[in-house]
DNA sequence: AGGTAACCGAGACGGTACGTCACGTCTTTAC
DNA sequence: GTAAAGACGTGACGTACCGTCTCGGTTACCT
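Residue numbers (this note's numbering), protein chains in the order written: chain A, 21 to 227; chain B, 21 to 227; chain C, 21 to 227; chain D, 21 to 227.
If you want it as structure tokens, here you go:
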């Protein structure tokens, strides 16, 4: 996963690159340092300067590869194991959605949740960065959910009148809202939400 | 509406207050300046220094009455006419909720929505400030919705198994999530969401 | 001793003064507070605000009676017992000068010396304040020395070619210079200086 | 002349220095701006902020290289041409001292004198800064005078009982005292003082 | 006895400057 | 050409005091 606000895609098979190549070691050091700093302080308080110092890296090296702090933090957080959202495996539409909710709630429980809330917060001030956030974090969840909702509408599990976009908002929204209003995310919430989503989609109450 | 992070309630009929009294003029100038700055730039970019300068006021005067920038901005934005959320008038539980959604979506459409999104974002970095946000913005909406949901559960409009807290998340969450993921808030969304909420509450589909 | 930078002389036998009279209690509290603060910190660090607070007095009360911090400090320090310089008693011109040197060195030994050095320093930035300093501290010493020098010139103890002003500089200068260059003022210095002054005045070396 | 409060001596032949080197241009701009400001206002009124602004330089750049305002001002003033005090050339001990007095009085006549008085004043509040003042301004004069006095004591020009330290105080003290008590420094004073110093040193009156 | 006027404490006010922090850029040497 | 180091101009931070200004309340003398 290449997390970045700008570069579309530097794909090229075997391009000649003069000069010293990018240091993979530095890249890792930067992301590691960022993650370590985030355990001690809020995204807000983490500075590029602190990351550079902790990583034993020049500030320029960070600015060369990431356009801003938010991008660094996003890459550091969202590429951690456990934060990926692989494509659907469930056969049953509703089970798929249920799984998505459970997984998301699990991912956002505890310290990680707070960090993600702060990241979402930090991205509000700039449209480009907000787009990058959507691309790097929400898009995958969005796609998975869209897949299941479409599937459910086709196989009669869900009401055909359901608007996919709004349905996704009804699923992701409550989780993110809980997170950002400082409330607990736990398994009970996950279960309750799942039930309400079922009703919202016009699903037969069979569970 | 007194927007502030801390003061609980200095209720006293005729308390003696030594010293020069607080300048109502300065207070207004500060909030006005803040509002005017917010039309030009993001919350992030607005500085206490800029507010003070634009208001023709010493920085100390701001710090004397507000603990941080977020509090100033919250008071400036949330006390504007049109941002209050008065207590329920609707007789019908569902109509009440529908009204709440419509009003909220209307309030968050356009520039105001962006500003609120940024405020919510700015509040993520500090628990105390986050609490102040909840108190100053979400609490009223929360209470209104809780009232209607309770009412609906009692009069049989809604499923009695509905968890009030989660139900509120399902109503407010999608709106806030839309806002903070950079999507449009419009009347169509409002209508669609209302329908899904009806289903989520286990309401009889009579509309 | 009325220490002040400005007032020339409001002497009037029984002038009518309407209104509440000046509070002697506050005046004393201010000077006491100043003295106490000066034992803990440099003149520089002492603020009118701190004096007012420590004295339990409004800032206005200080500004009503003293034009600036330096004046307060001068009055606080120079009116202390032991800082007065009474007029000459010695019969012998040289003995008089010797006594003046000894007294001055004694007064400026230890903490008091440091404070006086700081006062002199603080007065350099403003001509009016500097004049007040001269009037409040140096004038008396100056006059005493001038008296003895004149006397010595008349009775043949000192060379008649001696310029009184410069002679005074030769007497006071070394003491003040020692003080302000951070060196020790002690009895040995006092004795050495006295001897050199004798030579400088063209006195017969009889001691 | 390297004016500074602290650094002992970073002597190294060809030390490797990573990073962007110190900007000589900024250094000069800072000292120039300081000098220009000092022609308009007292040392007291000159602020680091004003220097930075006038020099077109960040405040940090000043704080990086000087520990406080006094150090900047000292370097700005004392490194000016005409303020250096080169080592003795005179063969005759008394002529040497006479020359030192004349030069010092010349240096401290007019605006420069006022500025130096203010610098000495500003340095009284802090021992470290006072030491720096002594090192940067007084030490050279001190050494020159000590050389001549020693010489004079050896060749019989001066009384052998003269204490070198006190003798220096008797020479420098009157000048500095005149300066700081707001009196004139002129050629007549210089001549008068020289004569008295001669007597003080126990020299034969041959002039 | 009441009026009037200057005093007093408290503390808010518009300011200026402080010294620090982080920003994003630039300039050097080394790899 | 990329890297670490670190200096640079910029701008905001939150704090400390400045000297002034309102407040309510307090003496005192003079009618």
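Every residue, glycine too, gets a C-beta built ideally from N, C-alpha and C. Here the structure is a predicted model, which means the values were calculated and not measured.
Exercise for the section: Taking the CB atoms as reference points, tell me whether residue 3 of chain B and residue 89 of chain B lie closer together than 9 Å. Expected result: Given a span of 21 to 227 for chain B in the structure shown, any question on residue 3 of chain B remains unanswerable.
Problem - From C/127, C/85, C/74 and C/75, residue whose alpha carbon lies closest to that of residue 41 of chain C - result: The residue given as residue 41 of chain C occupies position 21 in the third chain. It is C/85 whose Cα lies nearest to the Cα of residue 41 of chain C.
Problem - residue 159 of chain D - DSSP class collapsed to helix/strand/coil - result: Translated into the one-based positions of the fourth chain, residue 159 of chain D becomes position 139. Helix at residue 159 of chain D.
Practice task
Compute the distance between the beta-carbons of residue 209 of chain C and residue 157 of chain C, then report whether it is under 9 Å.
Solution key: On the third chain, residue 209 of chain C is found 189 positions in, with the first residue counted as 1. On the third chain, residue 157 of chain C is found 137 positions in, with the first residue counted as 1. No, they are not a contact pair.
Problem - residue 54 of chain C, buried or exposed, once every other Cβ within 10 Å from all chains shown has been counted against 16 - result: Working through the third chain from its first residue, we reach residue 54 of chain C at position 34. Buried, by the Cβ-count rule.
Problem - Euclidean distance between Cα positions of residue 63 of chain D and residue 134 of chain D - result: If you number the fourth chain from 1, residue 63 of chain D lands on position 43. If you number the fourth chain from 1, residue 134 of chain D lands on position 114. Rounded to the nearest angstrom, the two C-alpha atoms are 10 Å apart.
Problem - Three-way DSSP call (helix, strand, coil) for residue 29 of chain B in this model - result: Numbered from its first residue, the second chain carries residue 29 of chain B at position 9. The predicted position of residue 29 of chain B is uncertain, since its pLDDT is 43 and thus under 50; a value taken from the coordinates is nonetheless stated next. Coil at residue 29 of chain B, not helix or strand.
Exercise for the section: In the DSSP assignment, find the unbroken alpha helix (DSSP H) run with residue 109 of chain C in it and report its ends. Expected result: The sequence position of residue 109 of chain C within the third chain is 89, counting from 1. Premise fails: residue 109 of chain C is in no alpha helix (DSSP H) and is neither H nor E.
Practice task
Give the range of the alpha helix (DSSP H) segment to which residue 86 of chain D is assigned.
Solution key: Position 66 of the fourth chain, counting from 1, holds the residue named residue 86 of chain D. No alpha helix (DSSP H) contains residue 86 of chain D, which DSSP labels as neither H nor E.
Practice task
Take residue 178 of chain B as the anchor and find which of B/102, B/145, B/125 and B/116 has the nearest alpha-carbon.
Solution key: Within the second chain, numbered from 1, the residue matching residue 178 of chain B stands at position 158. Of the candidates B/102, B/145, B/125 and B/116, the one whose C-alpha sits nearest the C-alpha of residue 178 of chain B is B/116.
Problem - Reference residue 202 of chain B; option with closest CA among A/151, A/101 and A/125 - result: Within the second chain, the letter at position 182 stands for residue 202 of chain B. Nearest C-alpha to residue 202 of chain B: A/151.
Handout entry: Same chain only: Cβ atoms within 6 Å of residue 27 of chain D, ignoring 5 sequence neighbours per side
Key = Within the fourth chain, numbered from 1, the residue matching residue 27 of chain D stands at position 7. Because the pLDDT at residue 27 of chain D is just 43, under 50, the model does not fix this residue reliably, and the value given afterwards should be weighed accordingly. Correct list: empty, nothing qualifies.
Problem - Exposure label - residue 215 of chain B; buried when at least 16 CB within 10 Å - result: By one-based count along the second chain, residue 215 of chain B stands at place 195. Looking at its Cβ environment, which holds 16 or more other Cβ atoms inside 10 Å, residue 215 of chain B is buried.
Handout entry: Short Cβ contact (9 Å threshold) for residue 191 of chain B with residue 165 of chain B
Key = Mapped onto the second chain, residue 191 of chain B falls at position 171. Mapped onto the second chain, residue 165 of chain B falls at position 145. It is a contact, given that the beta carbons lie within the stated cut-off.
Handout entry: Within-9 Å CB hit, residue 62 of chain D to chain C
Key = As a working note, residue 62 of chain D is residue 42 in the fourth chain. So, interface residue.
Practice task
Could you name the residues of the same chain whose beta carbon sits closer than 8 Å to that of residue 205 of chain D, not counting the 5 residues immediately before and after it, in chain order?
Solution key: Sequence index remark: in the fourth chain, residue 205 of chain D carries index 185 (1-based). Excluding residues within five positions, the ones whose Cβ falls inside 8 Å are 125, 128, 129, 133, 195, 198 and 199.
Handout entry: Of the residues B/170, B/207, B/147 and B/71, the one placed nearest residue 93 of chain B, counting alpha carbons only
Key = As a first step, residue 93 of chain B must be located in the second chain, where it is residue number 73. For the residues B/170, B/207, B/147 and B/71, the minimum Cα distance to residue 93 of chain B belongs to B/71.
Practice task
Check the C-beta distance from residue 219 of chain B over to residue 193 of chain A and give it rounded, since I have them as a contact under 8 Å.
Solution key: The residue you call residue 219 of chain B lines up with position 199 of the second chain. The residue you call residue 193 of chain A lines up with position 173 of the first chain. Not really, about 15 Å apart at Cβ, beyond 8 Å.
Exercise for the section: Compute the Euclidean distance between the alpha carbons of residue 80 of chain C and residue 160 of chain C, then round it to the nearest angstrom. Expected result: Along the third chain, read from residue 1 onward, the residue named residue 80 of chain C stands at position 60. Along the third chain, read from residue 1 onward, the residue named residue 160 of chain C stands at position 140. So the two alpha carbons sit approximately 31 Å from each other.
Exercise for the section: Answer with yes or no whether the minimum CB distance from residue 212 of chain B to chain A is below 9 Å. Expected result: The residue labelled residue 212 of chain B in the question sits at position 192 within the second chain. Yes, contact with chain A.
Problem - Span separating the alpha-carbon of residue 211 of chain A from that of residue 123 of chain A - result: If you number the first chain from 1, residue 211 of chain A lands on position 191. If you number the first chain from 1, residue 123 of chain A lands on position 103. Each residue's Cα considered, the two are about 12 Å apart.
Practice task
Check whether the Cβ of residue 220 of chain C lies closer than 9 Å to any Cβ atom in chain D.
Solution key: On the third chain, position 200 is the one that residue 220 of chain C refers to. Taking Cβ atoms only, chain D reaches closer than 9 Å to residue 220 of chain C, which makes this a yes.
Handout entry: Same chain, Cβ closer than 8 Å to residue 119 of chain C, five either side skipped, listed in chain order
Key = On the third chain, position 99 is the one that residue 119 of chain C refers to. Excluding residues within five positions, the ones whose Cβ falls inside 8 Å are 110.
Practice task
Kindly say whether residue 217 of chain B, judged by its beta-carbon, lies nearer than 9 Å to any beta-carbon of chain A.
Solution key: Working through the second chain from its first residue, we reach residue 217 of chain B at position 197. So, interface residue.
Exercise for the section: Under 7 Å between beta-carbons, which chain C residues line up against residue 209 of chain D? List them in chain order, please. Expected result: Residue numbering aside, residue 209 of chain D sits at position 189 when the fourth chain is read from its first letter. Simply 186.
Practice task
With a 10 Å radius around its C-beta and 16 neighbouring C-beta atoms as the bar for buried, classify residue 144 of chain A as buried or exposed.
Solution key: As a first step, residue 144 of chain A is located in the first chain; it is residue number 124 there, counting from the start. Flag for residue 144 of chain A reads buried.
Practice task
Answer yes or no: does any C-beta atom of chain D fall closer than 9 Å to that of residue 53 of chain C?
Solution key: Position 33 of the third chain, counting from 1, holds the residue named residue 53 of chain C. Not closer than 9 Å to any Cβ of chain D, the Cβ of residue 53 of chain C fails to qualify, so no.
Exercise for the section: State the Cα-Cα distance for the pair residue 46 of chain D and residue 77 of chain D, rounded to the nearest angstrom. Expected result: Residue 46 of chain D sits at position 26 when you count from the first residue of the fourth chain. Residue 77 of chain D sits at position 57 when you count from the first residue of the fourth chain. Whole-angstrom Cα-Cα distance: 7 Å.
Exercise for the section: Pick helix, strand or coil for residue 189 of chain D, following the three-state DSSP scheme. Expected result: Here residue 189 of chain D refers to the residue found at position 169 of the fourth chain. Looking at residue 189 of chain D - three-state DSSP - the assignment turns out to be helix.
Problem - chain D contacts made by the segment 187-202 of chain C, where a contact means CB separation under 8 Å - result: 187, 189, 190, 192, 193, 194, 195, 196, 197, 198, 200, 201 and 202
Exercise for the section: State the Cα-Cα distance for the pair residue 146 of chain B and residue 140 of chain B, rounded to the nearest angstrom. Expected result: As a first step, residue 146 of chain B is located in the second chain; it is residue number 126 there, counting from the start. As a first step, residue 140 of chain B is located in the second chain; it is residue number 120 there, counting from the start. Looking at the two C-alpha atoms, the distance is approximately 11 Å.
Problem - Reference residue 112 of chain C; option with closest CA among C/213, C/185 and C/167 - result: Within the third chain, the letter at position 92 stands for residue 112 of chain C. When only C-alpha atoms are compared, the closest one is C/167.
Exercise for the section: Taking residue 151 of chain D as the query, report the chain C residues whose CB atoms sit under 8 Å from its CB, ordered along the chain. Expected result: Position 131 of the fourth chain, counted from the start, is the residue given in the question as residue 151 of chain D. Neighbours of residue 151 of chain D on chain C, chain order: 202.
Practice task
Return the chain-ordered list of same chain residues with a C-beta closer than 8 Å to the C-beta of residue 74 of chain B, the five sequence neighbours on each side being excluded.
Solution key: Reading the second chain from its first residue, position 54 is the one you call residue 74 of chain B. Hits under 8 Å: 53, 56 and 57.
Exercise for the section: Kindly say whether residue 95 of chain A, judged by its beta-carbon, lies nearer than 9 Å to any beta-carbon of chain B. Expected result: As a position in the first chain, residue 95 of chain A is number 75, starting the count at 1. With 9 Å as the cut-off, residue 95 of chain A does not count as an interface residue toward chain B.
Handout entry: Alpha-carbon spacing of residue 87 of chain D relative to residue 50 of chain B, whole angstroms
Key = Taking the fourth chain and counting its residues from 1, the one referred to as residue 87 of chain D is at position 67. Taking the second chain and counting its residues from 1, the one referred to as residue 50 of chain B is at position 30. If you take the alpha carbons of residue 87 of chain D and residue 50 of chain B, they lie about 37 Å apart.
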